[in-house]
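Asker: Supplied in structure tokens, the structure appears directly below.
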Amino acid sequence: MEFMKNGKRIDDRLPNELRPVKFEVGVLERADGSCYVEHGRNKVIAAVYGPRAVHPRHLQEANRAIIRYRYNMASFSVEERKRPGPDRRSIEISKVSREAIDPVIIKEFYPRSTIDIFVEILQADAGTRSAGINAASVALADAGVPMRGLISSCAVGKVDDTVVLDLVKEEDNYGQADMPIAMDVRTGEVTLLQMDGHLTLEEFEQALELAKTGCARIAEMQREALIQKYRGEENE
Amino acid sequence: MRKKEKVDKTIVVPGDLLSDDAAKAAEGTYTENGKVYSLIYGLADEREKIRVIPLSGKYLPTIGDVVIGMVSDISFSNWKVNINSPYEALMHISEYPRRIESSEMAKIMRVGDLAIFKVIDVDQSMKIELAPREGQLRVLRSGRVVDVSYTKVPRVIGRAGSMVSLLKDKLDVNIFVGKNGRIWINGKAADEELAVKAIKRIEQEAHTSGLTDRITKFLEEEKHGIYEER
Numbered sequence: 341m342e343f344m345k346n347g348k349r350i351d352d353r354l355p356n357e358l359r360p361v362k363f364e365v366g367v368l369e370r371a372d373g374s375c376y377v378e379h380g381r382n383k384v385i386a387a388v389y390g391p392r393a394v395h396p397r398h399l400q401e402a403n404r405a406i407i408r409y410r411y412n413m414a415s416f417s418v419e420e421r422k423r424p425g426p427d428r429r430s431i432e433i434s435k436v437s438r439e440a441i442d443p444v445i446i447k448e449f450y451p452r453s454t455i456d457i458f459v460e461i462l463q464a465d466a467g468t469r470s471a472g473i474n475a476a477s478v479a480l481a482d483a484g485v486p487m488r489g490l491i492s493s494c495a496v497g498k499v500d501d502t503v504v505l506d507l508v509k510e511e512d513n514y515g516q517a518d519m520p521i522a523m524d525v526r527t528g529e530v531t532l533l534q535m536d537g538h539l540t541l542e543e544f545e546q547a548l549e550l551a552k553t554g555c556a557r558i559a560e561m562q563r564e565a566l567i568q569k570y571r572g573e574e575n576e
Numbered sequence: 216m217r218k219k220e221k222v223d224k225t226i227v228v229p230g231d232l233l234s235d236d237a238a239k240a241a242e243g244t245y246t247e248n249g250k251v252y253s254l255i256y257g258l259a260d261e262r263e264k265i266r267v268i269p270l271s272g273k274y275l276p277t278i279g280d281v282v283i284g285m286v287s288d289i290s291f292s293n294w295k296v297n298i299n300s301p302y303e304a305l306m307h308i309s310e311y312p313r314r315i316e317s318s319e320m321a322k323i324m325r326v327g328d329l330a331i332f333k334v335i336d337v338d339q340s341m342k343i344e345l346a347p348r349e350g351q352l353r354v355l356r357s358g359r360v361v362d363v364s365y366t367k368v369p370r371v372i373g374r375a376g377s378m379v380s381l382l383k384d385k386l387d388v389n390i391f392v393g394k395n396g397r398i399w400i401n402g403k404a405a406d407e408e409l410a411v412k413a414i415k416r417i418e419q420e421a422h423t424s425g426l427t428d429r430i431t432k433f434l435e436e437e438k439h440g441i442y443e444e445r
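Residue numbers (the working numbering), protein chains in the order written: chain A, 341 to 576; chain B, 216 to 445.
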């Protein structure tokens, strides 16, 4: 498969270009915080509940809140119907996503409680864990959870020996490498880094830098979306 | 990059830089390397100190708060009370003004009853103890209670109580606002209903300016039965 033509990718983007991204804050009435994200053809919704009492009780911690994160793909989110329910992949993504977000949350404010994050993938087109983390981070802010910063995430990869930002499904499936990262853009702290495929050390370093620029742009959009929630109402 | 908008307070998100002077840090902020950053999503209030007023979140009690709670369970010597917080609160039998037996507890407050309490202790693990306010237990037997986010309570009260006074003035109701965002309204059914509507509107528009004027107009229009579709 040929991915690069005249310096452009299969969907006409440049190697360092993100897909169009849209954030919408506070879309769910019942959740304490929520966010809907469209990232290219990905459609993701995140809901946050809490801090609230922990059930089952033995999971609670005496001096801090616990964070629970559930990543779930809708059966209709992919081309071939996905068998509903958690599988090996979604359990892993839930774990790494929780660990990507956990470091910025001030858990000591809420002993004996839980903050529950639910991420539902409505439509998938590569980069759903990143989109989920971006949505979850905004939903947490919307819920009023104290955090040191917002976590932003995007993927980088390699197709036709070129390092590219934010892969689409074809690039992910048939490309040479895929590497999602998540970070707090202000401090530069990377909280998630996974890689599938092969990169040389030079390519890895180039990819990491590219991913950081992508995360910085995502961070701006997350911030803008949160501010827009209240400013929008003001301009009625 | 960080544009300051001309709303009366700046909307900030977690991690926004607020100041280079660590001495100015107040609630809703944290300091790192001598700089002040926002800890929450809210409105930055920059007078002498910089604090961030939350726009959402869960109520956490502090000692001295007066709240409206609902009895959720009765144990041997405590009433368990839901105070619209992640934590259950307790009122011990000995806090009741006169000495009573365990078996009499349900006569005073049953599960589901609402009452006005004062928070007398909150410890490290968020164990919350309540007592009746001003030594007299006030169980709410009439009227209705509405829940708003605790972050909107200052707006419902208004500057020096102006919003509550306005509601009491225009409508024939008694209003009590708990720190936890529970509001008790007691009066004639029609007035109670209108008060609930007005409070919901205050909650929705809490972050806008000129709210008192709009609520005044709203109450007058509603009272004269004029409905204007916006």
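Note that CB positions come from ideal geometry on N, CA and C, so glycine has one too. Computed from a predicted model, the values in this text were never measured in an experiment.
1) Counting pairs of Cβ atoms below 8 Å between the segment 543-551 of chain A and the segment 506-522 of chain A, do you hit three or more?
2) Count the other CB atoms, across all protein chains shown, that sit within 10 Å of the CB of T244 of chain B; report buried if there are 16 or more and exposed otherwise.
3) Show which residues of chain A have a CB atom less than 7 Å away from the CB atom of P269 of chain B.
4) Would you say A440 of chain A faces chain B, with C-beta separation under 8 Å as the test?
5) Can you tell me whether P369 of chain B is helix, strand or coil according to DSSP?
6) P486 of chain A: beta carbon under 7 Å from a heavy atom of the ligand PLP?
7) Alpha carbon to alpha carbon, what distance is there between K345 of chain A and H395 of chain A?
8) Listing by chain order, which chain A residues have their CB less than 8 Å from the CB of V490 of chain B?
9) Any Cβ of chain D within less than 8 Å of the Cβ of L254 of chain B?
10) When you compare the CB of H439 of chain B with every CB in chain A, is at least one pair closer than 8 Å?
11) Cα separation between M561 of chain A and H307 of chain B?
12) Can you grab the Cα-Cα spacing for the pair V354 of chain B / L345 of chain B, in whole Å?
13) Can you confirm whether the segment 261-271 of chain B touches the segment 307-325 of chain B when touching is taken to mean that 3 or more C-beta pairs between the two stretches lie within less than 8 Å?
14) List, in order along the chain, the chain B residues whose C-beta lies closer than 7 Å to that of M334 of chain A?
15) Quick check: the Cα distance between R429 of chain B and N293 of chain B, rounded to an integer number of angstroms?
16) Per the DSSP calculation, E364 of chain A is bridged to which residue(s)?
17) Determine the contact status of V296 of chain B and V326 of chain B, defining contact as a CB-CB distance below 8 Å.
18) Here's a check: name, in chain order, each residue in its chain whose Cβ is nearer than 6 Å to the Cβ of V459 of chain A, leaving out the five neighbours to either side.
19) For T531 of chain A, count the other beta carbons within 10 Å of its own beta carbon; 16 or more makes it buried, fewer makes it exposed. Which is it?
20) By Cβ distance below 8 Å, which residues in the same chain neighbour A565 of chain A in space, the five residues on each side in sequence not counted?
21) DSSP state of D336 of chain B, grouped into three classes?
22) Would S417 of chain A pass as a contact of R469 of chain A if the rule is Cβ separation under 8 Å?
23) By the three-class DSSP mapping on this structure, what secondary structure does N412 of chain A have?
24) Would G272 of chain B pass as an interface residue toward chain A - the criterion being a Cβ-Cβ separation below 8 Å?
25) Would you list, in chain order, the members of the segment 311-341 of chain B that have their beta-carbon closer than 9 Å to a beta-carbon of chain A?
26) Taking contact to mean at least 3 C-beta pairs separated by less than 8 Å, is the segment 335-344 of chain B in contact with the segment 368-380 of chain B?
27) Quick test of the definition: if touching needs 3 or more C-beta pairs under 8 Å, does the segment 416-432 of chain A touch the segment 499-507 of chain A?
28) Give the residues of chain A in contact with P276 of chain B, contact being defined as C-beta atoms less than 9 Å apart.
29) Compute the beta-carbon to beta-carbon distance between I414 of chain B and I398 of chain B, rounded to the nearest angstrom, for a pair I have assumed lies under 8 Å.
30) Note down, in chain order, every chain A residue with its Cβ under 9 Å from the Cβ of P301 of chain B.
31) Over the uninterrupted beta strand (DSSP E) stretch that includes R266 of chain B, give me the two end residues.
32) On the criterion of 16 or more Cβ atoms from any shown chain inside 10 Å, does D407 of chain B qualify as buried, or is it exposed?
33) If the cut-off is 7 Å on Cβ atoms, which residues from the segment 406-435 of chain B count as contacting chain A, listed in chain order?
34) Pick out the complete beta strand (DSSP E) segments inside the segment 451-531 of chain A, 3 residues or longer, and give them in chain order.
35) Taking the beta carbon of L232 of chain B as the centre, do at least 16 other beta carbons fall within 10 Å, making it buried, or is it exposed?
36) Helix, strand or coil, according to DSSP, for P426 of chain A in the structure here?
Answerer: Checking against the coordinates, here is how it stands:
1) yes
2) Mapped onto the second sequence, residue 244 of chain B falls at position 29. Buried: at least 16 other Cβ atoms inside 10 Å.
3) One-based indexing of the second sequence puts residue 269 of chain B at position 54. Residues of chain A passing the Cβ test: G484.
4) Taking the first sequence and counting its residues from 1, the one referred to as residue 440 of chain A is at position 100. Not one chain B Cβ lies under 8 Å of A440 of chain A.
5) Counting from one through the second sequence, the residue named residue 369 of chain B turns up at place 154. Helix at P369 of chain B.
6) The model depicted lacks the ligand PLP and carries no ligand whatsoever.
7) Numbered from 1 along the first sequence, position 55 holds the residue referred to as residue 395 of chain A. Numbered from 1 along the first sequence, position 5 holds the residue referred to as residue 345 of chain A. Spanning the two alpha carbons is a distance of roughly 54 Å.
8) One cannot answer for residue 490 of chain B here, as it falls past the ends of chain B, which runs 216 to 445.
9) Chain labels in this structure do not include chain D; the protein chains are A and B.
10) For the purposes of this step, residue 439 of chain B is taken as the residue at position 224 of the second sequence. Not closer than 8 Å to any Cβ of chain A, the Cβ of H439 of chain B fails to qualify, so no.
11) As a first step, residue 561 of chain A is located in the first sequence; it is residue number 221 there, counting from the start. As a first step, residue 307 of chain B is located in the second sequence; it is residue number 92 there, counting from the start. One C-alpha to the other measures close to 50 Å.
12) Mapped onto the second sequence, residue 354 of chain B falls at position 139. Mapped onto the second sequence, residue 345 of chain B falls at position 130. Taking the straight line from one Cα to the other gives about 14 Å.
13) no
14) With chain A covering 341 to 576 only, the question about residue 334 of chain A has no answer from this structure.
15) The count along the second sequence starts at 1 and reaches residue 429 of chain B at position 214. The count along the second sequence starts at 1 and reaches residue 293 of chain B at position 78. Rounded to the nearest angstrom, the two C-alpha atoms are 44 Å apart.
16) Numbered from 1 along the first sequence, position 24 holds the residue referred to as residue 364 of chain A. DSSP lists A:Y376 as partners of E364 of chain A.
17) Counting from one through the second sequence, the residue named residue 296 of chain B turns up at place 81. Counting from one through the second sequence, the residue named residue 326 of chain B turns up at place 111. Their beta carbons are not under 8 Å apart, which means V296 of chain B does not touch V326 of chain B by this criterion.
18) Locating residue 459 of chain A in the first sequence gives position 119, where the first residue counts as 1. Counting only Cβ-Cβ distances below 6 Å, and skipping sequence neighbours, we find A386, Y411, G472, A476.
19) Counted from its first residue, the first sequence places residue 531 of chain A at position 191. Result: buried.
20) Reading the first sequence from its first residue, position 225 is the one you call residue 565 of chain A. If we look at A565 of chain A and ignore the five residues flanking it on each side, its Cβ neighbours are F363, E364, V365, C375, V478.
21) Along the second sequence, read from residue 1 onward, the residue named residue 336 of chain B stands at position 121. In this structure, D336 of chain B counts as strand in the three-state DSSP scheme.
22) Taking the first residue of the first sequence as 1, we reach residue 417 of chain A at position 77. Taking the first residue of the first sequence as 1, we reach residue 469 of chain A at position 129. It is not a contact, given that the beta carbons lie outside the stated cut-off.
23) Taking the first sequence and counting its residues from 1, one reaches residue 412 of chain A at position 72. Here N412 of chain A sits in strand by DSSP.
24) Within the second sequence, numbered from 1, the residue matching residue 272 of chain B stands at position 57. Closer than 8 Å to some Cβ of chain A, the Cβ of G272 of chain B qualifies, so yes.
25) Q339, S340, M341
26) no
27) no
28) Start at 1 with the first residue of the second sequence, and residue 276 of chain B comes out as number 61. Within chain A, no residue comes near P276 of chain B; the closest Cβ sits about 13 Å away, beyond 9 Å.
29) Position 199 of the second sequence, counted from the start, is the residue given in the question as residue 414 of chain B. Position 183 of the second sequence, counted from the start, is the residue given in the question as residue 398 of chain B. That pair is a contact at about 6 Å.
30) For the purposes of this step, residue 301 of chain B is identified with residue 86 of the second sequence, where counting begins at 1. Neighbours of P301 of chain B on chain A, chain order: G390, P391, R392, A393, A405, Y450, R452, S453, T454.
31) Stepping through the second sequence from its first residue, residue 266 of chain B is reached at position 51. Segment 265-269, the beta strand (DSSP E) holding R266 of chain B.
32) On the second sequence, position 192 is the one that residue 407 of chain B refers to. Contrary to the premise, residue 407 of chain B reads as Glu rather than Asp in this sequence. Buried.
33) H422, T423
34) 453-463, 491-499, 502-505, 517-524
35) Within the second sequence, numbered from 1, the residue matching residue 232 of chain B stands at position 17. With fewer than 16 other Cβ atoms within 10 Å, it is exposed.
36) Position 86 of the first sequence, counted from the first residue, corresponds to residue 426 of chain A. Three-state DSSP puts P426 of chain A in coil, outside helix and strand.
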